[in-house]
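Enquirer: Starting off with a structure, shown below.
Number of protein chains: 2
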Amino acid sequence: MEKNIPSISESEWEIMNVLWDKAPQTANDIIFALQESTDWKPKTIRTLLDRLVQKDVVGVNKNLKVYTFFPLYTQEKYQRAETESFIKRIYGGALKSMLVQFIQEDTLSDEDINELRSILNKKPR
Amino acid sequence: MEKNIPSISESEWEIMNVLWDKAPQTANDIIFALQESTDWKPKTIRTLLDRLVQKDVVGVNKNLKVYTFFPLYTQEKYQRAETESFIKRIYGGALKSMLVQFIQEDTLSDEDINELRSILNKKPR
DNA sequence: GTAATCGGACTACAAATGTAATCTATTGAA
DNA sequence: TTCAATAGATTACATTTGTAGTCCGATTAC
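Going line by line, the protein sequences match chains A and B. FYI, the numbering for the first sequence is 1 to 125, going by my numbering. FYI, the numbering for the second sequence is 1001 to 1125, going by my numbering.
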């Protein structure tokens, strides 16, 4: 039986993205990394980080004077879980519907589309 | 300037999906439609519906003795907005990354993939 | 006509989330 | 050595969300 992964909020995702990018990192590293992309106060980031630790989504190394933090799950695992539930809720389970919409709407550039073609073609028929 | 659409929660999405499927509908219609897919009590559904009305996401026709409800935004509009923010948060903005993952993971069936190929090929190069 | 029922309005209440501030012990700077 | 800056722990507090329940007036079934 797989333990199911704890769910994380939107804000918590931002923290995780920083940690998935590079780990371990200190709280300060994370605060710094989010300085530009958000306008969260350091204390806010700290709270989010602590919550992730409580949820057992992030681990802490307390051996050094300043703690370092690291993800306990891979990004892929979370991406898959979130995407599945997202697609189900938003597109009734059909990833295809989403793609059709995005392709038809020019949300994807021509280059993107060409790249997709080549990705698809790498799959054996 | 576009008014930005109110954000809706996961549970509220379920209500909206019912209304997008068919509208207008009475509260009872909606309760009935969600009977199988959820185990929400009628009052719960009613609350969610009322919140959507307050948020101006759902309209009400009070001319009949029993109110009827209808969406004030198209499903496509909501899908686009949600998907955009989702992709940004989860895949760093790259829809492509998501696809690569799904294609490589066999989440998409061979038929799906063929269908995508044909959709892509309909786009002019 | 009277009681049970139903729809709508209003109220309830805990957990999760967003967004920090305060308190305390340690450490580094002067 | 003493004081200020820091990190970590603890506490705060409004909003949103999940999940209903209660109250009241209209309607329906007897």
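C-beta: ideal position from N, C-alpha, C; glycine also.
Taking the CB atoms as reference points, tell me whether A/Phe69 and A/Leu19 lie closer together than 9 angstroms.
Expert: Yes, the pair counts as a contact, with Cβ atoms nearer than the cut-off.
Enquirer: Buried or exposed, going by whether 16 or more other CB atoms sit within 10 Å of the CB of A/Leu49?
Expert: Answer is buried; the Cβ neighbour count reaches 16.
Enquirer: Does the beta-carbon distance from A/Phe102 to B/Leu1034 come in below 9 angstroms?
Expert: Not in contact: A/Phe102 and B/Leu1034 (Cβ atoms no closer than 9 angstroms).
Enquirer: Can a CB atom of chain A be found closer than 9 angstroms to the CB of B/Asn1061?
Expert: Taking Cβ atoms only, chain A never reaches closer than 9 angstroms to B/Asn1061, which makes this a no.
Enquirer: If the criterion is Cβ atoms closer than 9 angstroms, does the pair B/Tyr1091 and B/Ile1005 meet it?
Expert: It is not a contact, given that the beta carbons lie outside the stated cut-off.
Enquirer: Does the count of Cβ pairs from the region 1028 to 1044 of chain B and the region 58 to 73 of chain A closer than 8 angstroms reach three?
Expert: Too few Cβ pairs lie closer than 8 angstroms, so no.
Enquirer: Three-state secondary structure (DSSP) at B/Gln1025?
Expert: Reduced to three states, the DSSP call for B/Gln1025 is strand.
Enquirer: Can the beta-carbon of A/Ile15 be found less than 9 angstroms from the beta-carbon of A/Lys55?
Expert: In this structure, A/Lys55 does not lie closer than 9 angstroms to A/Ile15 by Cβ.
Enquirer: What are the residues that DSSP puts in a beta bridge with B/Thr1068?
Expert: For B/Thr1068, which the question treats as bridged, DSSP gives the partners B/Thr1026 and B/Asn1061.
Enquirer: If A/Leu116 sits next to B/Leu1052, beta carbons under 8 angstroms apart, how far is it from one beta carbon to the other, in whole angstroms?
Expert: Not confirmed; about 35 angstroms, so no contact.
Enquirer: Please confirm if B/Trp1013 has its CB atom under 9 angstroms from at least one CB of chain A.
Expert: Closer than 9 angstroms to some Cβ of chain A, the Cβ of B/Trp1013 qualifies, so yes.
Enquirer: Kindly indicate which three-state DSSP category A/Glu10 falls into: helix, strand or coil?
Expert: A/Glu10: helix per DSSP, three-state reduction.
Enquirer: Between which two residues does the alpha helix (DSSP H) harbouring B/Ser1037 extend?
Expert: Note, B/Ser1037: premise wrong, no alpha helix (DSSP H); not H, not E.
Enquirer: Quick check on DSSP: helix, strand or coil for A/Thr47?
Expert: Three-state DSSP puts A/Thr47 in a helix.
Enquirer: Between A/Tyr73 and A/Thr26, is the Cβ-Cβ spacing less than 9 angstroms?
Expert: Contact flag unset, no.
Enquirer: I want to verify the contact list: residues of chain A whose CB lies under 8 angstroms from the CB of B/Lys1077, in sequence order.
Expert: The contacting residues do not exist; B/Lys1077 stays about 11 angstroms from chain A at best.
Enquirer: Quick check on A/Arg51 - is its C-beta less than 9 angstroms from some C-beta in chain B?
Expert: Not an interface residue.
Enquirer: Name the chain B residues whose beta carbon is nearer than 8 angstroms to that of A/Leu99?
Expert: Leu1099, Leu1116 and Ile1119, listed in chain order.
Enquirer: Give the secondary structure of B/Glu1105 by DSSP, where H, G and I count as helix, E and B as strand, and everything else as coil.
Expert: Coil.
Enquirer: Going along chain B in order, which residues have a C-beta closer than 7 angstroms to the C-beta of A/Glu10?
Expert: Near A/Glu10 (Cβ distances below 7 angstroms), the residues of chain B are Arg1089.
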